[in-house]
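Presented below is the structure to which this report refers.
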Amino acid sequence: MSEVLLKVDKLKKYFPITGGVLGRKVGEVKAVDDVSFFVNKGETLGLVGESGCGKSTTGRVLMRLLEPTEGTVEFEGQDLTKLKAEDMRRMRKEIQMVFQDPFASLNPRHTVEKILEEPLIVHGVKDKEERKRRVREMLEVVGLNSYHAKRYPHQFSGGQRQRIGIARALMTKPKLIIADEPVSALDVSIQSQVLNLLEDLQKEFQLTYIFIAHDLGVVKHISDRVGVMYLGRLVEITEADKLYEKPLHPYTKALLASIPIPDPDVQQEKELLKGDLPSPANPPLGCAFHTRCSACMEVCKTTRPELVEIEPSHFAACHLYNK
Amino acid sequence: MELSTNKEMQVPIEPAEEKAVSPWLEAWRSFRKNKLAVIGTFIVLFFVLLAIFAPYIAPEGINEQKLTTSDRLQAPSSEYWFGTDDFGRDVFSRVVYGSRISLWVGFLAVIGSIVIGCLLGIVAGYYGKWVDSVISRFFDILLAFPSILLAIAIVAVLGPSLRNALIAIAIINIPNFGRLIRSRVLSVKQEEFIMAAKAVGMKNSRILFHHVMPNSIAPIIVQGTLAIATAIIEAAALGFLGLGAEAPNPEWGKMLSDARAFLTQAPWTLFFPGLAIVLTVLGFNLMGDGLRDALDPRMKN
Chain A
1 MSEVLLKVDK LKKYFPITGG VLGRKVGEVK AVDDVSFFVN KGETLGLVGE
51 SGCGKSTTGR VLMRLLEPTE GTVEFEGQDL TKLKAEDMRR MRKEIQMVFQ
101 DPFASLNPRH TVEKILEEPL IVHGVKDKEE RKRRVREMLE VVGLNSYHAK
151 RYPHQFSGGQ RQRIGIARAL MTKPKLIIAD EPVSALDVSI QSQVLNLLED
201 LQKEFQLTYI FIAHDLGVVK HISDRVGVMY LGRLVEITEA DKLYEKPLHP
251 YTKALLASIP IPDPDVQQEK ELLKGDLPSP ANPPLGCAFH TRCSACMEVC
301 KTTRPELVEI EPSHFAACHL YNK
Chain B
1 MELSTNKEMQ VPIEPAEEKA VSPWLEAWRS FRKNKLAVIG TFIVLFFVLL
51 AIFAPYIAPE GINEQKLTTS DRLQAPSSEY WFGTDDFGRD VFSRVVYGSR
101 ISLWVGFLAV IGSIVIGCLL GIVAGYYGKW VDSVISRFFD ILLAFPSILL
151 AIAIVAVLGP SLRNALIAIA IINIPNFGRL IRSRVLSVKQ EEFIMAAKAV
201 GMKNSRILFH HVMPNSIAPI IVQGTLAIAT AIIEAAALGF LGLGAEAPNP
251 EWGKMLSDAR AFLTQAPWTL FFPGLAIVLT VLGFNLMGDG LRDALDPRMK
301 N
């Protein structure tokens with residue numbers, strides 16, 4: 001068993017819904033509801049799910065860009081949720097983030113050099129020459145040229161911008177990188193280049209990734225283990241091979257069935273998802289998925305299934321296996 | 001330490017064409033193409049130069065009274081380009097010196113309201129919650145008064161003088177800037193690069209001054225230019241009502257009100273200060289509109 005780098009326990013993030021003249025709390029959106037998982041050193045954990053299932057929120061809560069409502073996040077044995085603001089700021093040196101939209105995540109008024117230099121400035125690299133040298137090195141590492149340093153973000157293509165975003169995350173030599181849909185805003189042809197880059201960087205710098213995506217194909221390509229989220233809850237988590245070969249949860253099955261096969265002659269027996277994602281402000285009682293599940297039983301409508309180890313290192317939250 | 005898989009990605013660009021086009025430079029380029037904006041800028045520059053070199057341009061001082069009939073209320077001539085007023089003073093000289101007062105009031109009042117408005121607006125927008133409520137309600141209260149009435153009230157309290165008129169104009173413009181920058185900060189705050197800055201581990205102050213501010217400043221420049229125009233009009237209005245500049249000072253609004261009595265006898269005493277106001281205001285407005293077109297983020301890409 002390899003070393004655990006990050007351990008998330010019963011993490012919750014509820015957003016209050018306010019209404020009325022006085023802005024009273026009238027309800028809450030359970031964006032992340034009781035999520036627990038761990039990440040081993042050097043591995044890639046993929047988090048997948050439909051839009052609005054809380055995967056991005058999970059990523060942000062892990063870094064405390066959003067304050068968690070409940071639960072703990074242990075990074076190298078230290079509980080991040082209990083750190084003071086200033087200590088957390090320092091801790092961000094070790095945990096960095098790559099954002100989804102490379103057109104929005106870079107400050108349009110800063111040059112690439114300034115964008116990449118800032119992480120070093122705020123984490124105490126005082127020597128200007130050293131900072132400049134490291135910026136140029138990093139540009140080469142992510143496959144850009146050092147003379148790109150003087151340019152502004154709008155002079156780059158989407159793929160190049162995302163390389164800049166990755167370079168920024170790498171500047172402080174972090175241990176963990178949370179990649180929040182890093183390729184979903186890119187052209188398909190560019191996606192694989194960026195994914196390859198991420199894999200190469202992982203080997204070179206011994207990085208650990210939490211890779212958030214809605215595309216199971218992309219996640220399969222890069223992940224060692226995959227967690228599937230539905231309506232703020234983790235419904236299944238296991239090694240990537242197991243998940244793709246023998247999915248347990250009906251939702252995972254439906255997700256896998258929805259991956260298009262690039263061959264028009266193949267007749268698929270599709271178990272496609274019916275209906276829409278229920279509102280996370282008012283999730284169904286019991287198992288959140290029961291409204292769309294093809295194997296729904298009576299118990300699913302009343303009792304919420306726990307995430308349990310059904311096979312070795314294969315966890316799922318489904319009553320089908322609780323006997 | 002280059003990675004082999006990424007080599008094919010590198011776009012071969014000759015370093016020769018490596019030129020950093022900053023967003024400001026780009027804005028300047030598009031501003032230059034806008035003819036009306038350039039005309040406006042020239043008008044503004046003309047009045048600025050007029051104000052700076054007034055003592056060299058004006059043939060007389062501001063209060064050289066010549067109370068003989070041959071000098072009083074004279075029509076424009078080669079001796080008195082813009083004619084003379086009821087005290088026999090050269091209107092041309094007074095209009096030239098008047099540009100000093102109007103521009104001075106315009107710039108200072110606007111700078112004052114920008115500084116205070118921005119400070120309040122940034123705090124309100126960035127920290128939100130009750131701070132925002134308090135500051136926003138303060139803006140609402142200021143905006144609830146018709147601005148010129150509020151200015152009159154402030155001058156009435158402080159006593160009529162040019163300086164107090166300037167303060168009054170600065171105060172009535174505070175909510176305009178405050179609201180503008182607050183809304184900018186609110187929208188910039190939602191941008192992903194602010195989230196990214198936080199994720200990188202920057203302190204609030206750094207995010208505010210290095211990331212939020214530079215991205216909020218463009219509309220302030222536009223609004224500021226346009227506000228100078230209104231400030232000049234407001235100063236003239238206060239002067240006209242006798243609440244601004246005092247007697248011998250050649251403030252344009254004051255000159256208008258003095259000329260009122262001789263409207264039929266000597267229309268030039270009214271016409272030239274009025275023309276000066278119109279031209280300056282037009283200049284600033286054209287320039288401001290041009291700046292808006294050049295700096296508007298929606299025009300990019």
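Residue numbers (the UniProt record's numbering), protein chains in the order written: chain A, 1 to 323; chain B, 1 to 301. We put the CB at the ideal spot given by N, CA and C, even for glycine.
Asked                                                                                                                                                                      : Found
Taking alanine 27(B) and alanine 294(B) to be in contact with their CB atoms under 8 Å, please state how far apart those CB atoms are, rounded to whole angstroms.         : 4 Å
Is it right to say glycine 19(A) is buried, meaning 16 or more other beta carbons lie within 10 angstroms of its own, or is it exposed?                                    : exposed
Note down, one range per segment and in chain order, each alpha helix (DSSP H) of at least 4 residues found wholly within the region 184 to 231 of chain A.                : 188 to 205, 216 to 222
Please confirm whether glycine 88(B) and arginine 72(B) have their CB atoms less than 8 Å apart.                                                                           : yes
Any C-beta of chain A sitting closer than 8 Å to the C-beta of leucine 206(B)?                                                                                             : Correcting the residue identity first, residue 206(B) is arginine in this sequence and not leucine. So, interface residue.
Using a Cβ-Cβ cut-off of less than 9 Å, give me the residues of the region 118 to 131 of chain A that come near chain B, in sequence order.                                : Glu118, Pro119, Ile121, Val122, His123
For lysine 12(A) and valine 29(A), which I take to be in contact (beta-carbon distance under 8 Å), what is that distance rounded to the nearest angstrom?                  : 12 Å between Cβ atoms; not a contact.
When the cut-off is 8 Å and only beta carbons count, does proline 68(A) lie next to chain B?                                                                               : no
Which first and last residues belong to the alpha helix (DSSP H) in which tyrosine 127(B) is found?                                                                        : 91 to 127
Closest Cβ-Cβ distance between glutamine 206(A) and chain B: below 8 Å?                                                                                                    : no
Could you please give the first and the last residue of the uninterrupted beta strand (DSSP E) stretch that includes valine 125(A)?                                        : That residue, valine 125(A), is in no beta strand (DSSP E); it is neither H nor E in DSSP.
Which runs of the beta strand (DSSP E) fall wholly inside the region 215 to 270 of chain B and span at least 3 residues, in chain order?                                   : none
Identify whether proline 16(A) lies in helix, strand or coil by the three-state DSSP scheme.                                                                               : strand
Aspartate 34(A) touches chain B at which residues, Cβ-Cβ below 9 Å?                                                                                                        : Per Cβ cutoff of 9 Å: no residues; aspartate 34(A) is ~25 Å from chain B at best.
Nearest chain B C-beta to glutamine 78(A) closer than 8 Å, yes or no?                                                                                                      : no
Taking 8 Å as the CB-CB limit, is asparagine 215(B) close to chain A?                                                                                                      : yes
Among residues of its own chain, excluding the 5 on either side of valine 281(B), which ones have a beta-carbon nearer than 7 Å to its beta-carbon?                        : Ala229, Ile232, Ile233
Considering just the uninterrupted stretch of the alpha helix (DSSP H) at lysine 189(B), what are its terminal residues?                                                   : 162 to 189
Here's a check: name, in chain order, each residue in its chain whose Cβ is nearer than 7 Å to the Cβ of isoleucine 57(B), leaving out the five neighbours to either side. : Leu50, Val96
Does any CB atom of chain A fall closer than 8 Å to the CB of alanine 199(B)?                                                                                              : yes
Hey, quick one: how far does the beta strand (DSSP E) through serine 36(A) stretch, first residue to last?                                                                 : 24 to 40
Counting only beta-carbon atoms, is histidine 314(A) nearer than 8 Å to chain B?                                                                                           : no
Is proline 108(A) close to chain B, meaning its C-beta is less than 8 Å from at least one C-beta of that chain?                                                            : yes
If you measure from the beta carbon of alanine 196(B) to each beta carbon in chain A, is any gap under 8 Å?                                                                : yes
Which runs of the alpha helix (DSSP H) fall wholly inside the region 47 to 97 of chain B and span at least 4 residues, in chain order?                                     : 54 to 57
Where does the unbroken alpha helix (DSSP H) through glutamate 26(B) begin, and where does it stop?                                                                        : 23 to 33
If we count the other Cβ atoms within 10 Å of its Cβ and call it buried at 16 or more, is arginine 260(B) buried or exposed?                                               : exposed
Which bits of chain B does aspartate 101(A) rub up against, with CB to CB less than 9 Å?                                                                                   : Glu192
Is there a Cβ from chain B that is less than 8 Å from the Cβ of alanine 104(A)?                                                                                            : yes
Give the interface partners of lysine 93(A) over in chain B, defined as CB-CB distance under 7 Å, in chain order.                                                          : Gly201
Threonine 58(A) and valine 35(A): beta carbons closer than 8 Å?                                                                                                            : yes
Ends of the beta strand (DSSP E) at methionine 97(A)?                                                                                                                      : 95 to 98
Express the C-alpha separation of alanine 281(A) and asparagine 6(B) in angstroms, rounding to a whole number.                                                             : Note that asparagine 6(B) scores a pLDDT of 47, beneath 50, so its modelled location is shaky; the value from the coordinates is reported in the next line. Using only the alpha carbons, I get a separation of about 44 Å.
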